[in-house]
Each structure stands twice: as structure tokens, then as C-alpha cells.
Ligand code: SF4
């Protein structure tokens with residue numbers, strides 16, 4: 042019998058944000074390292090792991106549905122991820138699941154897998170077995186395309202934003218050792234990755250928990266701190282993109298690195314609101330006046346910087362005037378990319394207790410007004426790029442041409458650059474293009 046046919050097979054369903062994707066990658070890497078096979082279908086799997094999202098109600102529903110489907114199709118299911126941290130929600134909805142863990146719990150998931158599907162015995166006549174070099178590539182198992190990868194630099198968060206339950210699910214900030222992060226980044230680059238996407242719950246807080254301890258990389262000391270880390274990553278010769286950068290003052294330090302071309306001129310910086318009272322109710326720092334001044338400064342140092350942010354509209358108690366202050370802020374800040382969400386109560390969040398929740402139809406109307414304004418701003422900012430030349434990274438190629446991204450476009454969340462004369466290109470290559478057209482999200486370009 043083919044040896045592969047006798048190895049235990051695990052099916053894997055990965056839901057949620059890039060941080061959950063990285064958790065999935067860690068579990069899949071461990072499974073492969075121990076000799077389990079990853080099954081592409083429920084029917085062929087001996088057991089299924091479902092990595093869930095529990096951030097908003099619709100994500101909870103999607104996760105519970107996925108668990109239900111895995112139970113119906115396979116029957117043996119282990120649940121992990123953010124929904125698993127939400128008390129007994131999973132067990133109540135699906136009492137037949139074998140085990141439930143919270144997010145970032147590779148060891149617990151592996152323990153549960155071992156209990157219900159014993160580890161395969163791997164025999165190697167040639168010599169001692171090294172599962173990593175035998176079964177998984179040095180960069181681990183990745184769920185993203187070969188040319189970009191998420192690098193998670195820390196877990197958890199020390200903030201207590203009143204609309205968020207992530208700290209109760211993922212705990213306080215725990216930074217990964219800087220040498221480990223750099224080794225992972227180097228392995229990815231060696232494996233052909235062209236873009237590293239730095240993620241965490243709070244990227245600018247990197248190292249706070251270890252008092253910016255000095256680690257080592259490449260035989261030299263390196264501080265566990267965002268600026269030093271991204272400077273070192275910038276030396277690896279690939280695109281480095283920063284996500285979830287909380288607006289602390291030291292964020293200003295990375296802008297010169299962007300201007301010098303060491304890391305991408307792109308900052309994903311969630312402001313959430315512009316009104317001081319609402320920011321206080323949200324337990325967020327920073328007044329919008331300060332933010333506007335800083336944005337001006339950033340743009341004077343690095344004129345090509347792309348700024349992405351997220352905002353919550355209809356937060357409890359938000360008055361019409363306070364909402365208009367947010368619109369005025371957007372008009373002045375001229376951000377490139379904006380994600381906006383209607384406030385929705387999440388079970389366990391402190392903001393649920395605040396008075397004066399806003400009626401859904403008012404929230405909806407405010408969201409519409411904000412998106413309309415931002416669409417105008419984004420359209421104008423993209424139109425200003427027409428005629429310019431830029432480097433883009435090709436994501437895929439089809440019969441109509443190549444689909445790529447510029448320094449201003451993170452995968453999944455931002456726009457695309459369509460290259461009509463790009464049929465001969467290949468995914469993962471960098472190419473210089475001239476922008477020929479634009480709309481509210483995307484650009485069109487030709488190879489030069
Ligand atoms: S910074 Fe605030 S919103 Fe972000 S994870 Fe921490 S508590 Fe949640």
C-alpha cells in the first residue's frame with residue numbers, strides 16, 4: 042500500500058483576519074512537521090480543524106456555520122481561534138465538537154489533535170529524522186500566494202478600546218523575539234517572497250512588554266522596537282508594508298525610512314474617529330488637530346506616502362455635530378484609503394454600557410455620507426497618479442492582462458493596478474508601469 046495512504050489526514054478551515062491566517066499557518070506547519078497530511082476535502086479527512094473569527098456578529102455566524110458544516114460532513118471537529126475564546130458559545134451551538142481553544146493556541150490545538158488522531162510514526166532508515174527539513178520548507182506552510190506573506194510580530198494588545206474585545210480574547214501584548222521575527226522574514230525572502238506584510242494587533246507597540254530588549258540578528262545587536270525592526274527588514278531587499286500602526290508619537294520615526302525607499306511608503310493607521318469626546322469614550326488617544334499636523338509633516342517628508350485608516354460611525358452618543366467633525370477631518374486629511382464601519386455592539390465590549398446608542402437608520406445614513414465623501418477624495422487622489430510611473434508587484438495574469446498592486450495597495454483591502462499589455466508577465470514579478478487611467482479604487486497602467 043502507498044505509505045501516504047496510511048498517514049492521518051487533517052482537514053483545515055481558516056476564517057478571519059490576517060492575524061488568524063498566521064495562526065492557521067503555524068498550526069498547519071506543525072501538523073506537516075509531525076507527518077500529518079493536509080486533506081483538501083472533508084470526506085478524505087480523519088479530523089477537521091476550524092480556525093474561527095469572533096470579531097463581529099456576522100463573523101460569529103459565519104464561524105458557527107463553518108463548524109456546523111464540518112460536523113455534518115466529517116463529524117470529528119476541533120475548533121480554535123477568536124470565537125473559541127468567547128466562553129461556551131461554540132459548545133452551546135455545537136456540543137459535538139471535540140475540543141475548543143482560543144486564538145494563538147498552536148500547542149493546545151496540537152494536543153487535541155494528538156488525543157483524537159495519534160501522531161504518525163515516521164521511520165527513516167537513512168538517519169535521524171528532522172521533520173522541519175524533511176516535511177516543511179524553512180519558511181513554514183503559507184496560505185498566501187508565494188510572493189507575499191504576513192509576518193506577525195506580536196500577539197495581544199495593552200489597550201482597552203471600549204468597542205473591542207480582542208484583548209480579552211488574545212490577552213496583553215507579547216512581542217516575539219526580534220531575532221526570531223528577522224529569521225522568519227529572511228526565510229521568506231529566501232523562499233521567493235517579494236513583499237512582507239508586518240501585522241499584529243498594535244504594530245507600533247512592538248517591544249513595549251519587554252522594555253525594548255536588545256536581541257540579535259546577523260551577528261549584531263537589534264532592539265525589539267518597531268523602528269529598528271522595520272529598518273532591519275528594509276535591508277532584506279523586498280517590499281515591507283506596515284499594518285495596524287497605532288498613532289503613537291514614535292510612528293514619526295518610520296516616515297524617513299519610507300522617504301528613503303527602505304520600506305514601502307504606506308501606513309495603515311486606524312484613527313477610528315476625529316472628535317475628542319468620542320475618542321475619549323472609545324479610550325483612544327490623540328486629538329485630531331495633532332493628527333492633522335502630523336499628516337502634513339509626514340507628507341512633507343514623504344510626499345508619496347499612502348495613508349489608510351479605519352473609522353467607526355454611529356458610536357454611542359455621537360451627535361450630528363461630532364459626526365460632521367469627522368467629515369471635516371476627512372476633508373482636511375485627504376486620506377488615500379478609508380474603511381468605515383457602523384458601530385455594532387459586540388458581546389463583552391465595554392461600549393455596550395454607554396448611553397444613547399444611535400438608531401441603525403441614522404448610523405446607516407452617516408456611513409453613506411462618509412463613504413460618499415471618501416469616494417470623492419479617493420477618486421481625486423488616484424486621478425492625480427495618471428501619467429506617473431511606478432513600480433508594481435504582479436499578483437496574477439489572465440487573458441486580459443496582468444493584475445498588480447502598487448506601494449499604495451495592500452492585498453485584499455486596497456485597490457489593484459490593471460496592466461492591459463501585461464499578458465507576458467508572471468505572478469510575483471516587479472515591473473515599472475505608467476498609469477493611464479483611474480477610478481475610485483483602482484488604476485490602469487501600461488508597461489514601460
Ligand atoms: S488597539 Fe484597541 S481596537 Fe486594536 S486590538 Fe487593541 S483594544 Fe482592540
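In our numbering, the protein residues as written are 42 to 489. Cβ coordinates follow ideal geometry from the N, Cα and C atoms, glycine included. No experiment lies behind these values; they were computed from the predicted model shown.
What three-state label does DSSP hand residue 473 in the structure shown? Along the chain shown, one-based indexing puts residue 473 at 432. Residue 473: strand per DSSP, three-state reduction.
What does the shell around the ligand SF4 hold, if a residue joins when its beta-carbon is under 6 Å from any heavy atom? 198, 200, 201, 202, 205, 207, 208, 242, 243 and 287
Once DSSP output is grouped into helix, strand and coil, what is the label at residue 255? If you number the chain shown from 1, residue 255 lands on position 214. The answer is strand: DSSP assigns residue 255 an E or B state.
For residue 394, which of helix, strand or coil comes out of DSSP? The sequence position of residue 394 within the chain shown is 353, counting from 1. Residue 394 falls in the helix class under three-state DSSP.
Take residue 197 and list the residues in its own chain whose beta-carbon comes closer than 7 Å to its own, dropping the five residues that flank it on each side. Start at 1 with the first residue of the chain shown, and residue 197 comes out as number 156. Result list for residue 197: 208, 211, 212, 213, 214, 215 and 242, in chain order.
Taking the straight line between their C-alpha atoms, what separation do you get for residue 51 and residue 114? Mapped onto the chain shown, residue 51 falls at position 10. Mapped onto the chain shown, residue 114 falls at position 73. Rounded to the nearest angstrom, the two C-alpha atoms are 13 Å apart.
Residue 170 burial status per 10 Å Cβ neighbour count (16 or more: buried): Within the chain shown, residue 170 is the residue found at index 129, counting from 1. Interpretation of residue 170 is limited by its pLDDT of 48, a score under 50 that renders its predicted location unreliable; the figure taken from the coordinates is listed afterwards. It counts as exposed.
With a CB to CB cut of under 7 Å and the five nearest residues on each side skipped, what residues in its chain are close to residue 342? To locate residue 342, count along the chain shown from 1; it is residue 301. Counting only Cβ-Cβ distances below 7 Å, and skipping sequence neighbours, we find 296, 297 and 300.
Provide the residue span of the beta strand (DSSP E) that contains residue 263, from first to last. The residue given as residue 263 occupies position 222 in the chain shown. 261 to 264 is the extent of the beta strand (DSSP E) around residue 263.
Can residue 91 and residue 108 be called in contact, C-beta distance under 8 Å? Here residue 91 corresponds to residue number 50 of the chain shown, with the count starting at 1. Here residue 108 corresponds to residue number 67 of the chain shown, with the count starting at 1. Going by C-beta atoms, residue 91 is nearer than 8 Å to residue 108.
What's the gap between the Cα of residue 379 and the Cα of residue 351? In the chain shown, residue 379 corresponds to position 338, counting from 1. In the chain shown, residue 351 corresponds to position 310, counting from 1. Spanning the two alpha carbons is a distance of roughly 6 Å.
Kindly indicate the opening and closing residues of the alpha helix (DSSP H) around residue 359. By 1-based counting over the chain shown, the position of residue 359 is 318. Careful: residue 359 lies outside any alpha helix (DSSP H) and carries neither H nor E.
In the DSSP output, what is residue 444 paired with across the bridge? Reading the chain shown from its first residue, position 403 is the one you call residue 444. Paired residue(s): 437 and 459.
Assigned secondary structure, residue 169 (DSSP; H/G/I helix, E/B strand, else coil): The residue given as residue 169 occupies position 128 in the chain shown. Note that residue 169 has pLDDT 45, beneath the 50 cutoff, so the model's placement of it is unreliable and no number is given.
Among the candidates 180, 258 and 244, whose CA atom is the shortest distance from the CA of residue 230? Position 189 of the chain shown holds residue 230. Residue 230 has its Cα closest to that of 180, out of 180, 258 and 244.
Rounded C-alpha distance that separates residue 325 from residue 312: As a first step, residue 325 is located in the chain shown; it is residue number 284 there, counting from the start. As a first step, residue 312 is located in the chain shown; it is residue number 271 there, counting from the start. Spanning the two alpha carbons is a distance of roughly 8 Å.
Just tell me which of 244, 400, 469 and 81 has its CA closest to the CA of residue 386. Position 345 of the chain shown, counting from 1, holds the residue named residue 386. Answer by Cα proximity: 400.
Restricting to Cα atoms, I'd like to know which of 53, 59, 263 and 284 is closest to residue 70. The residue you call residue 70 lines up with position 29 of the chain shown. Looking at the Cα atoms, 53 is the closest of the given residues.
What did DSSP end up calling residue 494 once you bin it into helix, strand or coil? The chain is shown from 42 up to 489; residue 494 falls before or after that span and cannot be answered.
When you compare only the Cα positions, how much space is there between residue 416 and residue 391? Taking the chain shown and counting its residues from 1, one reaches residue 416 at position 375. Taking the chain shown and counting its residues from 1, one reaches residue 391 at position 350. Those two C-alpha atoms are separated by around 32 Å.
CB-CB under 7 Å to residue 470, same chain, minus the five flanking residues each way: which ones, in chain order? On the chain shown, position 429 is the one that residue 470 refers to. The answer, listed in chain order, is 435.
Using a Cβ-Cβ cutoff of less than 7 Å, which residues in the same chain neighbour residue 226 once the five nearest sequence positions on both sides are dropped? Residue mapping note: residue 226 aligns to position 185 of the chain shown, counting from 1. Counting only Cβ-Cβ distances below 7 Å, and skipping sequence neighbours, we find 192, 237, 274 and 277.
Touch test, the segment 251 to 260 against the segment 284 to 295, Cβ-Cβ under 8 Å, three pairs minimum: no
Hey, quick one: how far does the beta strand (DSSP E) through residue 92 stretch, first residue to last? Counting from 1 along the chain shown, the entry for residue 92 is found at position 51. Where residue 92 is concerned, the enclosing beta strand (DSSP E) stretches over 88 to 93.
Tell me, please, whether the segment 396 to 415 touches the segment 427 to 446 by the rule of three or more beta-carbon pairs shorter than 8 Å. no
I'd like to confirm the pairing. Which residues does DSSP put opposite residue 53 in its beta bridges? Counted from its first residue, the chain shown places residue 53 at position 12. Paired residues: 90.
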